[in-house]
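K.L.:
Got a structure here, written out as structure tokens. Questions coming.
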Amino acid sequence: MHGPKELGGTGEGFSPSDLLSLSLGGCILGIMEIAARSMDIGIAGATATVSKEMGGTPRRISHLSVIVRVPGTFDERQRRKLEVAAHACPVHNALGINAPIVFDWAG
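In structure tokens form, the structure reads like this:
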């Protein structure tokens, strides 16, 4: 098994919770890209950094947080529309746990 060492793997692969985190970040950026295109703006270079905390019995993700960094200059309406889009990510909405999204508008 190539999964994490703490689960008996070799540490050479991703854990299922790592893949969930990756899916969350990708979903947020994808939905934001769709919103950006609808406004004829670009968000090239945008990144999503997802942090996770594991805990509980049975073992589970207890907390996720996302920092979305978007380079460029955007007016308040554009920022608001991009933030609403990020919060509409189906992966984010399906989680049912505390998973705040913080934005870093790097203009």
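The working numbering puts the first residue of the sequence shown at -12, with every later residue one more than the last. Using N, Cα and C, we set each Cβ at its ideal position, and we do this for glycine too.
Helix, strand or coil: which one does DSSP assign to S49?
P.N.:
In the sequence shown, residue 49 corresponds to position 62, counting from 1. If DSSP states are grouped into helix, strand and coil, S49 belongs with the strands.
K.L.:
Determine the contact status of P58 and G32, defining contact as a CB-CB distance below 7 Å.
P.N.:
Numbered from 1 along the sequence shown, position 71 holds the residue referred to as residue 58. Numbered from 1 along the sequence shown, position 45 holds the residue referred to as residue 32. Yes, these two residues count as a Cβ contact at 7 Å.
K.L.:
Among the candidates G(-4), G(-5) and I48, whose CA atom is the shortest distance from the CA of D5?
P.N.:
Position 18 of the sequence shown holds residue 5. The residue with the shortest Cα to Cα distance from D5 is I48.
K.L.:
Check this for me: beta carbons of A86 and L51, under 7 Å apart or not?
P.N.:
Position 99 of the sequence shown, counting from 1, holds the residue named residue 86. Position 64 of the sequence shown, counting from 1, holds the residue named residue 51. In this structure, L51 lies closer than 7 Å to A86 by Cβ.
K.L.:
Do G12 and A100 come within 7 Å of each other at the CB atom, strictly closer than that value?
P.N.:
Lying before the first or after the last residue shown, residue 100 is absent from the chain, which here runs from -12 to 94.
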